[in-house]
Amino acid sequence: MKRNPLRRLLGAGTAMALLAGGLVLSAPAAASAQTVTEASCSGDSLVSKTLESGSSWQMCWRLDTYRGLVLDKIAYQPRDDAAPILVLDSIALAQLNVPYDTGATEYNDVTTYQVGGRRLQAIAAVDCPVGEVHSAWVDATRGEIPAVCIGEEDSGLAYRSNITNDALYAAQGTDLVLHSVSRIGWYEYQTEYRFHDDGEISVRLGATGDLSPNDYVDVVNQGWPIAPGQEDFAVNHYHSAFWRVDFGLDSGATQLVEKFATTPTGEYGTTGDTGHTAILETQLTQITNETKTMGSNREAYRVVNPESINADGHARSYEIIVPRDQAYNLNPETDYDIAFTSAKSDEIHASHNLIPSKAGQMVTDYIADGETLEDPVAWVNVGFHHINRDEDQSPMPIHWQGFTLYPRDFAAQNPNIPEGRKWVNGDMRGVPNPNITPTPTASPTPTPTTEPTTEPTPTPTESGNGNGNGNGNGNGNGNGNGNGNGNGNGGSTPPAAAPVTFGSAEVAPGAAQSATASGFTPGETVSAVMHSDPVDVGTFVADSEGVVSVQFVVPSDTPAGEHSLVLTGQTSSAVAQGSFTVASASPAAIFGALATTGTDANNWALSGLLLLVAGAGLAATSWHLRRQQAAKGRATA
Ligand SMILES: [Cu+2]
24 MKRNPLRRLL GAGTAMALLA GGLVLSAPAA ASAQTVTEAS CSGDSLVSKT LESGSSWQMC
84 WRLDTYRGLV LDKIAYQPRD DAAPILVLDS IALAQLNVPY DTGATEYNDV TTYQVGGRRL
144 QAIAAVDCPV GEVHSAWVDA TRGEIPAVCI GEEDSGLAYR SNITNDALYA AQGTDLVLHS
204 VSRIGWYEYQ TEYRFHDDGE ISVRLGATGD LSPNDYVDVV NQGWPIAPGQ EDFAVNHYHS
264 AFWRVDFGLD SGATQLVEKF ATTPTGEYGT TGDTGHTAIL ETQLTQITNE TKTMGSNREA
324 YRVVNPESIN ADGHARSYEI IVPRDQAYNL NPETDYDIAF TSAKSDEIHA SHNLIPSKAG
384 QMVTDYIADG ETLEDPVAWV NVGFHHINRD EDQSPMPIHW QGFTLYPRDF AAQNPNIPEG
444 RKWVNGDMRG VPNPNITPTP TASPTPTPTT EPTTEPTPTP TESGNGNGNG NGNGNGNGNG
504 NGNGNGNGNG GSTPPAAAPV TFGSAEVAPG AAQSATASGF TPGETVSAVM HSDPVDVGTF
564 VADSEGVVSV QFVVPSDTPA GEHSLVLTGQ TSSAVAQGSF TVASASPAAI FGALATTGTD
624 ANNWALSGLL LLVAGAGLAA TSWHLRRQQA AKGRATA
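Under my numbering, think of the first position of the sequence shown as 24, with each following residue one higher.
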């Protein structure tokens, strides 16, 4: 599902962007109060992007001669927040260590060979299919080249919930993505930062290009045969990528590092299929001093600002999620997957530091004094052991390594929460869902109750005529089987429910029904749910007038009687509701449905065999229609 760049360009369109082209992502110089990010950079260096969900990111980018793409003052703004909140002061590659399994070669690409500067490649159209290419000066020979791609990309399913059967809430997500490409020797590396619309940050390095032909030496257990037969063993090697992550949560003066450790108590519960479910406990301990760590199973770390509190009273934090299984850890440069230090401007590289006051030092040196952690920097080391394959020959398919920064309590609820789910905050049991109007349950055929069991207490209440829902049937929503009085089917219509106009007042089970309603936000997704046994009949998209047209097939097992259709706007939360009648599934009804399809079946109506065939045909048609609608919903959502 590639997005149309033109659409994106126009969508972002400020007059400035149209004039200057390529500046689409730059925020116009606003006269309003500056954010932390806007105070730090401007013009083409500033990225300020509201994603389709309504949440947004701001950051400054630059190119460092050694580290390549560096991002500073990264701030996230959940959709309903008034202003962005700083997450990171800075993030960049800090080393790329490539030792070969023969022990004969080892590269430190960031500090020896450079990832930035002369190594940066000109971004081609194929590198940047949906983003905007930004140019920057890279070296004296080439000057300014198109070096960075910045754009909004699809990220797949963001969430999906239909738990209370009131409506399907589902959305696709997007990411703001920045990347550059560097060629170092035979390899090409893509440095990528991916900012999800839900606040998550994915940091990755992709390796492609070519296996170095210099490495074809015959070392059976230290390489892999690449030529036909058992020849040209390409030497296996590690790529250990290090990132320096300088946290700046809500610009906090105080940020704490905490370790999550989940340990088994040794006891077991007796539940579930196995009958021996381990009982686990998760505890948080503060890491107070500079240190390095090789995490084990069920351990994680977070950086928390105890003074930055979300709407639920919880401190904002970001968790660091690192793959545990491929850290090289065979020398002091690489024997950790996360290290924490206090931020210092002369500690930039994870090893072979180039800043003169600490020239040649590595993280292990930075932490040697074990000083108290203030303004924490995380050094994240992600390894990839490259055991070569035939497939890795030219051009080598890209392989990725990286980690995730995961917001924890940064927002009090899903930052892109649909209106219809805002009521869920904590245990939802017993909390009335404000989106569900107790629909008068289709009063089934008036079972002639032998005698009036309970005398309807003569409450001379409102006009509500209480009689229908006397006994029993209250299936599903709200007030079940109360007898007669009180909350009958009189009063509670939703305050804002707009009417629904149906194609047919009465349809047979298995037949198609259509409906229209207005009052939605143009372009928004509208879910359609048939009640009283809630049946999700699809999602549809409101047109430019906010009118939604719904077509669905009444499930063939729908009981006869009155049924309601509830249409819920996923963005506006606007609701439209109306009722139609489902006929009993008699041959006449099927015949009626057939008649409306224009088939002249009059002459054949009495043939039981034909009715059977027709029934099968209808079922197939309804299935087909549903498929079509599902596909249509997806295509336009
Ligand atoms: Cu490799």
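Every residue gets a Cβ at the ideal spot worked out from N, C-alpha and C, and that includes glycine.
Note that the structure is a prediction, hence the values are computed from the model and not measured.
Three-way DSSP call (helix, strand, coil) for residue i in this model
i           : result
residue 312 : strand
residue 416 : coil
residue 530 : strand
residue 665 : In the structure as shown, the chain begins at 24 and stops at 660. Residue 665 is therefore absent and cannot be evaluated.
residue 444 : helix
residue 96  : strand
residue 245 : helix
residue 237 : helix
residue 91  : strand
residue 208 : coil
residue 59  : coil
residue 367 : coil
residue 135 : helix
residue 148 : helix
residue 102 : coil
residue 65  : coil
residue 125 : coil
residue 154 : coil
residue 174 : strand
residue 389 : helix
residue 229 : strand
residue 431 : strand
residue 380 : helix
residue 142 : helix
residue 74  : coil
Assigned exposure category for residue i - 16 Cβ within 10 Å defines buried
i           : result
residue 299 : exposed
residue 329 : exposed
residue 368 : exposed
residue 164 : exposed
residue 155 : buried
residue 192 : buried
residue 607 : exposed
residue 3   : Since the first residue of the chain shown is 24 and the last is 660, residue 3 is not available in this structure.
residue 101 : buried
residue 277 : exposed
residue 417 : exposed
residue 635 : A caution first: residue 635 carries a pLDDT of 42, below 50, which makes its placement in the model unreliable, though a value can still be read off. Under this definition residue 635 is an exposed residue.
residue 401 : buried
residue 253 : exposed
residue 261 : buried
residue 422 : exposed
residue 320 : exposed
residue 419 : buried
Heavy atom of ligand 1 within 7 Å of residue i beta-carbon
i           : result
residue 375 : no
residue 6   : Residue 6 falls outside the range modelled here, since the chain spans only 24 to 660, and no answer is possible.
residue 337 : no
residue 257 : no
residue 127 : no
residue 202 : no
residue 230 : yes
residue 219 : no
residue 299 : no
residue 260 : yes
residue 157 : no
residue 372 : no
The beta strand (DSSP E) enclosing residue i, as first and last residue numbers
i           : result
residue 268 : 260-270
residue 187 : Element bounds for residue 187: n/a, residue is neither H nor E.
residue 343 : 338-344
residue 278 : From DSSP, residue 278 is part of no beta strand (DSSP E); its letter is neither H nor E.
Cutoff 6 Å; reference residue i; Cβ partners in own chain excluding five residues on either side
i           : result
residue 389 : 364, 370
residue 622 : Confidence in residue 622 is poor, its pLDDT being 35 and thus under 50, which makes the residue's placement unreliable; the coordinate value appears in the next sentence. Here the set comprises nothing.
residue 241 : 256
residue 680 : What is shown of the chain runs 24 to 660, which leaves residue 680 out entirely.
Close beta carbons around residue i, own chain, < 7 Å, minus the five adjacent residues each side
i           : result
residue 553 : 560, 586, 588
residue 431 : 325, 340, 341, 342
residue 137 : 88, 89
residue 63  : 83, 95, 96
residue 134 : 89, 118, 372, 375, 377
Closer than 8 Å to chain B by CB, residue i
i           : result
residue 438 : Looking at the structure shown, chain B is missing, and only one protein chain is on hand.
Beta-carbon contacts of residue i that lie in its chain and below 8 Å, excluding the five residues immediately before and after
i           : result
residue 445 : 436
residue 528 : 603, 604
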